[in-house]
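Our numbering runs 55 ahead of the 1-based position in the sequence shown. From the three backbone atoms N, C-alpha and C, an ideal C-beta is built for every residue, glycine too. Below is one structure, written out as structure tokens; comments come after it.
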Amino acid sequence: MKFLGHFLIILTVGLLTLCLPTQPWSPESGFALADDDDDDDEDDDDDDDDDRPRTRADLVVIGLSPSDRQRLTRNGFRIASQGQSGTLGSSIARVQGPPGRSLTASLRTIRSIARGAQAAPNSIYQRFAYQRYDTEGEACRTQCAAFNITEWIPDIGNCSVGSDIGVIDTRVDLKHPSLVGAKIVTKTLRRSDRAPSHDAHGTGVVSLLAGRHGSSVTGIVPNARIFAADAFHRVGNLDQADTFDLVAALDWLSESKVSVINMSLSGPPNPILEKSIANILQRGISIVAASGKPSRNSSSGYPARYKGVVAVSAVDSNLRASRLSNRGDYVAFAAPGVGISVASDKGGTATVDGTSFASPFVAAAIALRIASGDTPTVATEKLASSAKDLGSVGRDPIFGWGLIRFQGLPNCN
Numbered sequence: 056m057k058f059l060g061h062f063l064i065i066l067t068v069g070l071l072t073l074c075l076p077t078q079p080w081s082p083e084s085g086f087a088l089a090d091d092d093d094d095d096d097e098d099d100d101d102d103d104d105d106d107r108p109r110t111r112a113d114l115v116v117i118g119l120s121p122s123d124r125q126r127l128t129r130n131g132f133r134i135a136s137q138g139q140s141g142t143l144g145s146s147i148a149r150v151q152g153p154p155g156r157s158l159t160a161s162l163r164t165i166r167s168i169a170r171g172a173q174a175a176p177n178s179i180y181q182r183f184a185y186q187r188y189d190t191e192g193e194a195c196r197t198q199c200a201a202f203n204i205t206e207w208i209p210d211i212g213n214c215s216v217g218s219d220i221g222v223i224d225t226r227v228d229l230k231h232p233s234l235v236g237a238k239i240v241t242k243t244l245r246r247s248d249r250a251p252s253h254d255a256h257g258t259g260v261v262s263l264l265a266g267r268h269g270s271s272v273t274g275i276v277p278n279a280r281i282f283a284a285d286a287f288h289r290v291g292n293l294d295q296a297d298t299f300d301l302v303a304a305l306d307w308l309s310e311s312k313v314s315v316i317n318m319s320l321s322g323p324p325n326p327i328l329e330k331s332i333a334n335i336l337q338r339g340i341s342i343v344a345a346s347g348k349p350s351r352n353s354s355s356g357y358p359a360r361y362k363g364v365v366a367v368s369a370v371d372s373n374l375r376a377s378r379l380s381n382r383g384d385y386v387a388f389a390a391p392g393v394g395i396s397v398a399s400d401k402g403g404t405a406t407v408d409g410t411s412f413a414s415p416f417v418a419a420a421i422a423l424r425i426a427s428g429d430t431p432t433v434a435t436e437k438l439a440s441s442a443k444d445l446g447s448v449g450r451d452p453i454f455g456w457g458l459i460r461f462q463g464l465p466n467c468n
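Encoded structure:
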């Protein structure tokens with residue numbers, strides 16, 4: 056009986072053990088489960104353990120060596136695109152992290168594998184949305200209120216601008232009646248597998264610079280040569296560009312030796328884009344950027360917020376700040392950006408607003424100054440001294456140094 060009692064006790068304990076919920080293995084047990092963030096720098100095949108679709112982190116990396124790329128590939132990374140950047144002076148690659156691994160973990164792994172490289176998120180930038188007041192538009196020619204408040208005169212439009220202007224934006228419709236015959240050089244920088252961007256925004260921005268006189272849209276400097284970089288692609292109903300493609304656009308414009316680059320786009324800070332822009336500024340090329348829309352997110356509004364970039368806010372014809380215009384100590388100038396007539400899609404004209412259409416006024420003024428022999432720094436200083444002071448006395452966060460004026464620019468009869 057005593058033996059039978061012991062047997063029943065052992066049997067009961069065994070059955071209870073089988074019924075208890077099992078606990079996962081822990082590192083202390085000598086066997087660890089694969090971590091989703093898998094930052095142990097060793098390749099494993101846990102990505103093959105289930106067939107659920109998992110996204111890849113998108114990154115941009117500069118300075119990768121051939122051996123770095125091999126190690127990344129062995130660890131589940133994918134080199135999606137690669138090349139050489141003239142503005143960065145190094146290799147540049149668009150790298151996708153292992154499926155399911157977070158952006159933070161992917162960056163950490165790259166930094167441990169490729170210690171001589173620099174990695175950052177492949178940040179997304181969008182061209183600014185703009186409001187159309189009249190889809191048919193209104194012929195502006197040389198009597199626009201927007202042009203009048205800047206003291207622009209037709210003689211300026213006759214200038215044979217000796218300095219070229221670069222634009223980074225969406226596609227441009229070169230067959231638009233206002234742009235036929237204009238001196239525009241275009242290049243597509245997006246990957247071939249990406250959907251083309253819509254052409255309305257880029258066409259509108261370029262028409263403000265190079266619109267043919269006598270057409271429905273007046274260009275500020277129609278005789279200037281424009282280098283238009285199409286760095287955007289279509290995602291749903293949005294046009295966006297990433298850091299990798301923006302650096303490619305900056306490389307091309309730098310190689311083309313433009314004097315000033317207009318960027319009507321906005322996104323988060325990115326150390327690799329910042330480095331490319333800083334190097335371009337050191338080469339004596341001015342960069343003008345739209346200040347963007349008001350946002351509670353302090354990490355938006357780039358590249359306009361970068362040191363050395365000329366940021367532009369928007370005003371209406373009564374010199375009131377646009378409600379779509381961002382504010383901050385980085386704002387350098389104000390320019391017309393409300394009710395602006397621009398070339399639109401399908402050969403039409405639209406009346407629009409937004410800082411996207413204010414920045415070309417400043418880009419054109421700087422180009423004219425540089426063409427007269429000024430350096431970008433001197434050009435900006437002279438424009439600041441001649442600007443119409445608005446708001447608080449001196450430079451302020453709403454209007455910068457004030458409204459850009461073409462007064463005193465070289466006479467180009």
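- In the DSSP assignment, the residues bridged to Lys443 are Leu458.
- Spanning the alpha carbons of Ala366 and Arg129 requires a straight line of approximately 44 angstroms.
- Closest by C-alpha distance to Val261, out of Gly155, Ile395, Leu458 and Ala112, is Ile395.
- Taking C-beta separations shorter than 8 angstroms and ignoring five residues to either side along the sequence, the partners of Val227 in its chain run Leu234, Ile239, Thr241, Asp254, Gly257, Thr258, Val261, Ala283 and Asp285, following chain order.
- Rounded to the nearest angstrom, the gap between the Cα atoms of Pro452 and Pro154 is 44 angstroms.
- Exclusion of the five residues before and after Ile168 leaves Asp96, Asp123, Arg126, Leu127 and Asn130 as the residues of its chain whose Cβ lies within less than 8 angstroms of its Cβ.
- Secondary structure in the region 385–449: the beta strand (DSSP E) runs of 3 residues or longer, each lying completely within the stretch, are 386–391, 395–398 and 404–408 in chain order.
- Between the alpha carbons of Gly356 and Pro323 lies a distance of about 7 angstroms.
- Annotation: Leu423 to Gly152 spans about 46 angstroms, alpha carbon to alpha carbon.
- Here Pro326 has Gln173 and Ala175 as same chain residues with Cβ atoms under 8 angstroms from its own Cβ, once five neighbours each way along the sequence are excluded.
- Take the alpha-carbon of Thr410 and the one of Pro121: they are about 43 angstroms apart.
- Straight-line spacing of the CA atoms in Ala376 and Phe132 works out to 47 angstroms.
- One alpha carbon belongs to Gln139, the other to Ala304, and they sit about 12 angstroms apart.
- The three-state secondary structure of Asp248, taken from DSSP, is coil.
- Ser368 is not a Cβ neighbour of Asp219, given a cutoff of 9 angstroms.
- Contact annotation: Ala398 and Thr404 have beta-carbon atoms nearer than 9 angstroms.
- Residue environment: Asn177 is assigned as buried (16 or more neighbouring CB atoms within 10 Å of its CB, all protein chains considered).
- Taking the CA atoms as reference points, Asn381 sits about 13 angstroms from Leu320.
- Considering only Ile281, Thr298 and Val302, the residue with the shortest C-alpha distance to Lys312 is Ile281.
- Taking a cut-off of 8 angstroms for Cβ pairs, the region 156–167 and the region 326–343 do not touch, as fewer than three such pairs fall below it.
- Straight-line spacing of the CA atoms in Ser309 and Thr142 works out to 7 angstroms.
- Put simply, the backbone Cα of Ser427 is about 26 angstroms away from that of Gly392.
- In the structure shown, the three-state DSSP call for Phe299 is helix.
- In this structure, DSSP gives Pro176 an extended state, which the three-state scheme calls strand.
- The C-beta of Asn317 has 16 or more other C-beta atoms within 10 Å across all chains shown, which makes the residue buried.
- Assigned with DSSP and collapsed to three states, Lys362 falls in coil, not helix or strand.
- Within the same chain, and ignoring the five residues on either side of Leu119 in sequence, the residues whose Cβ sits closer than 7 angstroms to its Cβ are Ser146, Ala148, Ala169 and Ala172.
- Secondary structure note for Leu264: it is in no beta strand (DSSP E), and the uninterrupted alpha helix (DSSP H) holding it is Ala255 to Ala265.
- In the three-state DSSP reduction, Arg163 falls in the helix class (H, G or I).
- Under the rule that a run must span 4 or more residues, the alpha helix (DSSP H) segments found entirely inside the region 315–346 read 326–337.
- Around the beta carbon of Val115, a 10 Å sphere encloses 16 or more other beta carbons of the protein chains shown; the residue is thus reported as buried.
- For Thr243, the closest C-alpha among the options Asp224, Lys230 and Gly236 is that of Asp224.
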